[in-house]
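A short write-up of the structure that comes next.
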Amino acid sequence: PYPPELPVVGACKKCNSSFSLDEQYLACFLDCVICGGTETSGMHRSNVKRILEENPTLRYRIESARKGDAADNLFWEPEADRVRNVILKLARGHAAYELYPKLEKPRILGFAPLQILSDDQRSAFEQVAGDDEIDLWPEIGSRAFLRAFGKSPDRLPLSGGWVVVQPDRYRYAVVETGGVLVRMVLSEYLACEVAWEY
Numbered sequence: 006p007y008p009p010e011l012p013v014v015g016a017c018k019k020c021n022s023s024f025s026l027d028e029q030y031l032a033c034f035l036d037c038v039i040c041g042g043t044e045t046s047g048m049h050r051s052n053v054k055r056i057l058e059e060n061p062t063l064r065y066r067i068e069s070a071r072k073g074d075a076a077d078n079l080f081w082e083p084e085a086d087r088v089r090n091v092i093l094k095l096a097r098g099h100a101a102y103e104l105y106p107k108l109e110k111p112r113i114l115g116f117a118p119l120q121i122l123s124d125d126q127r128s129a130f131e132q133v134a135g136d137d138e139i140d141l142w143p144e145i146g147s148r149a150f151l152r153a154f155g156k157s158p159d160r161l162p163l164s165g166g167w168v169v170v171q172p173d174r175y176r177y178a179v180v181e182t183g184g185v186l187v188r189m190v191l192s193e194y195l196a197c198e199v200a201w202e203y
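Here this note's numbering is used: the first residue of the sequence shown is 6, the next is one more, and so on.
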């Protein structure tokens with residue numbers, strides 16, 4: 006379930022709905038990866054189970070993304086453009102909610118499963134700027150400014166600089182250090198990073 010005070014940023018209906026199929030794809034893809042396949046009986050989320058049962062084409066596309074190598078290792082190849090579209094939409098929303106809108110093309114947009122990151126990469130990703138690392142304080146009164154002081158303007162829990170929207174489902178961090186950096190973790194599986202320079 007969503008938290009009672011879910012952070013939202015307004016968007017026109019056309020812009021918001023243009024991402025719906027990509028968001029549906031990513032939600033289903035992540036659940037399939039986490040469950041190890043597209044068999045709906047093992048799905049964690051009832052809405053994903055319903056979507057896959059009602060949309061055999063989507064289910065087939067996701068099943069086709071499941072690959073194996075000569076050593077019997079299982080891996081998944083998502084439709085990267087669809088994943089990027091969702092990540093960029095989320096990052097722009099978080100930047101606008103916490104700081105200010107970022108509509109230009111980002112310098113960096115990347116994603117990877119947390120499990121494939123090295124210990125150093127994982128540590129660097131999880132570390133968000135602390136007080137001694139902030140080279141430009143956010144605008145006074147902004148949500149990012151309040152979070153920099155450990156305050157939660159929307160009653161969402163903070164954990165090590167991360168805003169926890171749904172435990173084990175979704176968290177994000179926004180920092181303004183040499184630009185705007187947005188990091189997100191989806192289903193405690195997919196690490197996402199989007200960065201804009203000044």
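Even glycine gets a Cβ: it sits at the ideal position worked out from N, Cα and C.
In this text the structure is predicted, and so the values were computed from the model without any measurement.
Cβ neighbour criterion (16 or more within 10 Å) applied to residue i
i	result
ILE113	exposed
ASP136	Summary for ASP136: the model assigns pLDDT 46, below 50, so the residue's position carries little reliability; its value from the coordinates is reported in the next sentence. With fewer than 16 Cβ atoms within 10 Å of its Cβ, ASP136 is classed as exposed.
LEU108	exposed
VAL26	Correcting the residue identity first, residue 26 is Leu in this sequence and not Val. So LEU26 counts as exposed.
GLU181	buried
TYR105	exposed
ILE121	exposed
ALA200	buried
PRO111	buried
VAL190	buried
LYS18	exposed
When the options are compared against residue i, the one with the closest alpha-carbon
i	options	result
ARG64	PHE24, LYS72, TYR30, GLN120	TYR30
HIS99	ALA85, ARG188, LEU195	ARG188
GLU59	GLU44, SER69, VAL38, TRP167	GLU44
ARG71	ALA200, CYS37, GLN120, GLU202	CYS37
PHE116	GLU103, ASP86, ASP124, GLN132	ASP86
GLU202	VAL185, LYS18, VAL190	VAL185
CYS197	ASN90, GLY42, ASP124	ASN90
LYS54	ARG66, ALA75, ALA32	ALA32
ASP173	LEU35, LEU57, ASP77	LEU35
VAL204	VAL133, PHE24, GLY183	Nothing about residue 204 can be read from this structure; the chain reaches only from 6 to 203.
ASN52	GLU28, ASP74, SER69	GLU28
LEU195	GLN132, ASN78, ILE92	ILE92
Per DSSP, cross-strand counterpart(s) of residue i
i	result
PHE116	CYS197
SER164	TRP167
GLY47	Per DSSP, none; premise fails for GLY47.
TYR175	GLN171, LEU191
VAL180	LEU186
GLU202	GLY184
**Request:** Check whether the stretch 168–181 touches the stretch 93–112, counting contact only when three or more Cβ pairs, one atom from each stretch, lie closer than 8 Å.
**Result:** yes
**Request:** Go through the stretch 66–138 residue by residue and report every complete run of the beta strand (DSSP E) that reaches 3 residues or more, in order.
**Result:** 71–73, 79–81, 113–118
**Message:** Quick check: the stretch 72–82 against the stretch 166–173, are at least 3 beta-carbon pairs closer than 8 Å?
**Reply:** no
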